[in-house]
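Residue numbers (the working numbering): 68 to 132. Even glycine gets a Cβ: it sits at the ideal position worked out from N, Cα and C. Report on one structure; see the data block that follows.
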């Protein structure tokens, strides 16, 4: 395992670094900061967690235009 950039929606949102046979997520964008320093089994698992987190955030804070 080695460090890897994590993109979501075509935008870099963080990196993962090896940590005790897992991947530790380091957030670089505020909208995913709640996931900072969490550990995951794979980069795909990180992306799914980001998707779920953002979906919950949108549902809790709908945008009114």
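For a quick check, are the C-beta atoms of residue 81 and residue 92 less than 7 angstroms apart? Cβ distance < 7 angstroms, so residue 81 and residue 92 count as in contact.
Contained beta strand (DSSP E) runs [length at least 3] in the region 70-99, N- to C-terminal order: With a minimum length of 3 residues, the continuous beta strand (DSSP E) runs that stay inside the region 70-99 are 71-75, 78-86, 89-94.
Nearest neighbour of residue 105, chosen from 86, 77, 74 [CA to CA]: Of the listed residues, the one whose Cα sits closest to residue 105 is 86.
Residues bridged to residue 106 [DSSP beta-bridge criterion]: Answer is 91, bridged to residue 106.
Go through its chain and collect everything with a Cβ distance to residue 110's Cβ below 8 angstroms, but skip five positions before and after it. Once the five neighbours on either side are set aside, the close Cβ partners of residue 110 are 71, 73, 83, 90.
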